[in-house]
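Numbering (our numbering), first residue to last: 27 to 614. Each remark here refers to the structure printed beneath this line.
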Amino acid sequence: MKVYRIYVLLALALTVSSAGCKKILEPNNDDHSTFNRVYDDPSFAEGLLITAYTLIPTNDYKYDEVATDDAVTNDKFSDLMKMATGGWSALSNPENVWDNCNKAILYINRFLDVVDTVTWKRTNPQLNELYNRRLKGEAYALRGLFKYYLLRNHAGYDASGALLGFPIYDKFLSSEADFSQPRASFSESVKSAYADLDTSLRFLSADYGNLSDLNELPPGFGTITDIGDYNTVFGDVTQQRISGRHARALKARLALLAASPAFNEGNNVRLWEDAADYTAGLLDDIGGVGGLDPQGAGFYLKQQVDDANLTSGDKKDIGEILWRRPIYNNHQREQDNFPPSLYGNGEINPSQNLVDAFPMANGYPIDAQGSGYDPAKPYDNRDPRLSLYIVYNGSTMKGQTIGTAAGSGDDAIDNLQNGTRTGYYLRKLLREDVNVNPISISDQKHYNTHIRYTELFLNYAEAANEAWGPDGRGSHAYSAKDVIAAIRKRAGIAQPDNYLASIATQEDMRTLIRNERRLELCFEGFRFWDLRRWKADLTVPVKGVRISGGNYQYFTVEQRNYNNSYMHYGPVPDKEIVKFHLTQNKGW
27 MKVYRIYVLL ALALTVSSAG CKKILEPNND DHSTFNRVYD DPSFAEGLLI TAYTLIPTND
87 YKYDEVATDD AVTNDKFSDL MKMATGGWSA LSNPENVWDN CNKAILYINR FLDVVDTVTW
147 KRTNPQLNEL YNRRLKGEAY ALRGLFKYYL LRNHAGYDAS GALLGFPIYD KFLSSEADFS
207 QPRASFSESV KSAYADLDTS LRFLSADYGN LSDLNELPPG FGTITDIGDY NTVFGDVTQQ
267 RISGRHARAL KARLALLAAS PAFNEGNNVR LWEDAADYTA GLLDDIGGVG GLDPQGAGFY
327 LKQQVDDANL TSGDKKDIGE ILWRRPIYNN HQREQDNFPP SLYGNGEINP SQNLVDAFPM
387 ANGYPIDAQG SGYDPAKPYD NRDPRLSLYI VYNGSTMKGQ TIGTAAGSGD DAIDNLQNGT
447 RTGYYLRKLL REDVNVNPIS ISDQKHYNTH IRYTELFLNY AEAANEAWGP DGRGSHAYSA
507 KDVIAAIRKR AGIAQPDNYL ASIATQEDMR TLIRNERRLE LCFEGFRFWD LRRWKADLTV
567 PVKGVRISGG NYQYFTVEQR NYNNSYMHYG PVPDKEIVKF HLTQNKGW
């Protein structure tokens, strides 16, 4: 991604308060910038849009799995732990994105107010028009993105039974009174987000990257006469900005949310079909099921991160990644999550629940007849993803055996304050070539993902199964079962996959798809909201294992104190209810 300067002066010229938008500061006669500078300085104007980029919720991993049945944390001061154990309220909500998303939308609206009046390239009318086009498209796409997250985190039923979304702010608001708009219905909010994403597609190229000649121009760019101008605005320098393909993926995500049980009143099958169709359009672009990246499950490992470098080679990303953040050097993930013997804080502790969700290597669930599961050797002959994503007793990490059994040293369960509470440590997203020993710390390259293709494959499988059943294809070349077969084969499940072949009903396929999603996307921020959009039981206790003398004792580590009658929907912040007399979701 090209690095754009975000002027500190912008924060002085334009600020957005929690109540809305304060008046623009008017300095005395001196050399401070005022807002008028946006009309003369393109970089200053673009700062409005860049501010919205900095507020994207997936800019970093949240690890809110520790508030689900997938994990706990050993951080006793964690807001997520407090939330999961009974402290979730409209006053205290670690999952609140209302403020930041609306702040981003206001910056975007201000940008859209000025984008047509800014001279982006004074000396070249064609470049000026291309910059205007791309930046306007990005603004609409980002506004659709933030509306999606407002729906995911805050949509819900009010006390009267009405399904509500968010107040629709599609213009810059200059006074507090302008914010006193009621929440639109869920369906109106969805339409508003769709409208933004569809509008963005009128302006954006599907993908960013340099082209060789005018014959390669994408549809809608036929008036361009200089390929160099196109490359300057839509070429390699712009990769990792939001593109047309990203907008289509967000539209597919939104469709899946709207089709999900928590929001799909009456189980309208047409909504599932839409979600499947929108997602298949993206998968068809990469060859359908055959486009699943063979190395995608380890997208965070050294080889894949090195191959993802956009500044060298073919300047293309790995096949797994649709949209991500830039590569950076760091050791923080490892310092937070390595076991204590490797100088880590062991913060994220996967649950026994999650471990039990991994099938055997032959594809059968551990409690299914024919699985071959041995309770005395619970980690033998398991799905290879278990050892790829989770450290268990006897695992090797950085060439060292990790013992989590009682009395086995620093990494033993409950032995140290920064030890595991469940008998497990996190491995996924970590690079073992990082060193966090204080006397010889070394960083390695990482990146954070916005959208992986594996998520889209799983989105399609879920929607296709609900629309057409396990083997139905609609108008597409592959079924839900075809997708799950490809994902399980990549994972290392023995072939032929007899367990998958035995799945015949929509209900059994739904269970399998949800479990595959749980495994493939673990610790990437999906589980918390997947459980809610499915209207699943939120109160399943988190289990762990204490190993002593070769015996495996399973126990409850932490209760999940949620209320299934209303906590499938997150609250609107209490201060917004008080200030603007908004309707709160039922129960909060």
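Even for Gly, the Cβ is constructed at its ideal location relative to N, Cα and C. Remember, predicted model here, so these are calculated numbers, not experimental data.
Look at HIS272 here: in three-state DSSP terms it is helix.
For GLU299, the enclosing alpha helix (DSSP H) has its first and last residue at 295-311. Taken in chain order, the whole alpha helix (DSSP H) runs of length 4 or more contained in the segment 465-509 are 479-494.
The shortest C-alpha to C-alpha distance from ASP239 to any of ALA232, LEU227, ASP252 is the one to ASP252. Of GLY182, TRP146, PRO391, the smallest CA-CA separation from GLN610 is found for GLY182.
Taking every protein chain shown into account, the CB of ARG359 has 16 or more other CB atoms within 10 angstroms, so this residue is buried. Of the candidates GLY576, ASP142, ASP139, GLY576 places its Cα closest to the Cα of THR430. Every alpha helix (DSSP H) stretch that sits fully inside the segment 366-449 and reaches 4 residues is listed by chain position as 378-383, 410-415. Annotated three-state conformation of VAL460 is coil, per DSSP.
Non-local C-beta neighbours of ARG544 in its own chain, meaning closer than 6 Å and more than five positions away in sequence, comprise ALA383, ordered along the chain. When the five nearest sequence neighbours on each side are left out, the beta carbons in the same chain lying within less than 7 Å of the beta carbon of ASP233 are those of SER269, ARG271, in order along the chain. For PHE137, the secondary structure class from DSSP, reduced to helix, strand or coil, is helix.
The three-state reading of DSSP puts ARG148 in coil, since its state is none of H, G, I, E or B.
Counting only the Cα atoms, ALA487 lies some 14 Å from ASP556. Sorting ILE573, GLU602, ASP95, ARG209 by C-alpha distance to the C-alpha of GLU584 places ASP95 at the top. When C-beta atoms of the segment 451-470 are compared with those of the segment 364-376, three or more pairs fall below 8 Å, so the two segments count as touching. For the 8 Å CB-CB criterion, SER367 and ASP300 do not form a contact.
When secondary structure is reduced to three states using DSSP, LYS569 falls in the strand class.
With respect to the C-alpha of ASP362, the residue from GLY372, TYR354, ILE353 having the closest C-alpha is GLY372. Rounded to the nearest angstrom, the gap between the Cα atoms of ASN294 and ALA489 is 12 Å. Check the Cα spacing between GLU481 and each of GLY113, VAL315, LEU168: the tightest is with VAL315. Within a 10 Å sphere around the beta-carbon of PRO151 sit fewer than 16 other beta-carbons, which makes this residue exposed.
Three or more Cβ pairs closer than 8 Å define a contact, and the segment 438-445 falls short of that threshold against the segment 459-469. Between the alpha carbons of TYR326 and ASP400 lies a distance of about 31 Å. Straight-line spacing of the CA atoms in PRO365 and ILE428 works out to 8 Å. Going by beta carbons, ALA512 and LEU297 fall outside the 8 Å limit.
In the three-state scheme derived from DSSP, where H, G and I count as helix and E and B as strand, LEU177 is classed as helix. The segment 187-201 and the segment 209-228 touch, with no fewer than 3 CB-CB distances between them shorter than 8 Å. As for any beta strand (DSSP E) of minimum length 3 sitting wholly inside the segment 96-131, the runs are 97-99, ordered along the chain.
For TYR79, the enclosing alpha helix (DSSP H) covers residues 68-79.
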